[in-house]
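Q: Pasting a structure here, questions to come.
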Amino acid sequence: METRPESPRPQGAPRWVAMYRRPAERTWRAAAESPHRSPVLHALGEMTQTLRARGDEVAFALWGPKDGEWHRFDTPLKQAASPRPEPEASAASAVSAASAAAPTSLAERMTGRRHQVLLSGLGKAGLYDLSPEDEATVQALAERLDEAAVRRVAHWLAVAGAR
112 METRPESPRP
122 QGAPRWVAMY
132 RRPAERTWRA
142 AAESPHRSPV
152 LHALGEMTQT
162 LRARGDEVAF
172 ALWGPKDGEW
182 HRFDTPLKQA
192 ASPRPEPEAS
202 AASAVSAASA
212 AAPTSLAERM
222 TGRRHQVLLS
232 GLGKAGLYDL
242 SPEDEATVQA
252 LAERLDEAAV
262 RRVAHWLAVA
272 GAR
């Protein structure tokens, strides 16, 4: 069983920094930096979704200021550092794969768009690692709600994540 090395503390003055490490690499790299937490969390979520869609295994660490000093915080990603038993495509990448495989109807494309808007809203709220039950719920909402209702729900999630 491979043990994962701890992320080193970033250099410089304390700020929000997301670090990542791929198993094939021997070094940690900064994925995002900002004086504010929310843009770093958003970047971390986007990067996680992209890398998982590719089937990559990645370890993440979130560093930030606490009492004027560096502090390592727990990431909102429950399983970012652990590999999946088998690569599963996220629903968003499944929609992309389906659209690349064959022409889809307007209704299917719009459902895919509503699904992406909901996933983006969840990401802005700090929810990046969704369970299969969460994915099913997002898909059900995307199929049942119209575009305006989905945008409103995504807005509520984004506002909640900004607090």
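112 is the number of the first residue of the sequence shown in our numbering; add one for each residue after it. Backbone N, C-alpha and C define an ideal beta-carbon position, used for all residues, glycine too.
Consider the Cβ of Leu162: report whether some Cβ of chain B lies at a distance smaller than 7 Å.
A: Included in the structure is just one protein chain, with no chain B present.
Q: Would you please state the rounded distance, in angstroms, between the beta carbons of Leu268 and Ala236? I believe it to be under 8 Å.
A: Going by Cβ atoms, the distance from Leu268 to Ala236 rounds to 4 Å, so yes, they are a contact pair.
Q: First and last residue of the alpha helix (DSSP H) that includes Ser231?
A: 217–235
Q: Please name the residue in Trp139, Ala124, Ala251, Trp127 whose C-alpha comes closest to that of Met222.
A: According to the sequence displayed, residue 222 carries Thr and not Met. Nearest of Trp139, Ala124, Ala251, Trp127 to Thr222, Cα basis: Ala251.
Q: How many whole angstroms separate the CB atoms of Ala110 and Val151, which I take to be in contact at a CB cut-off of 8 Å?
A: No information on residue 110 is available, as it lies outside the stretch 112 to 274 that the chain covers here.
Q: What residue range is occupied by the uninterrupted beta strand (DSSP E) comprising Gly173?
A: Before going on, a small fix: residue 173 reads as Leu here, not Gly. First-last of the beta strand (DSSP E) with Leu173: 170–177.
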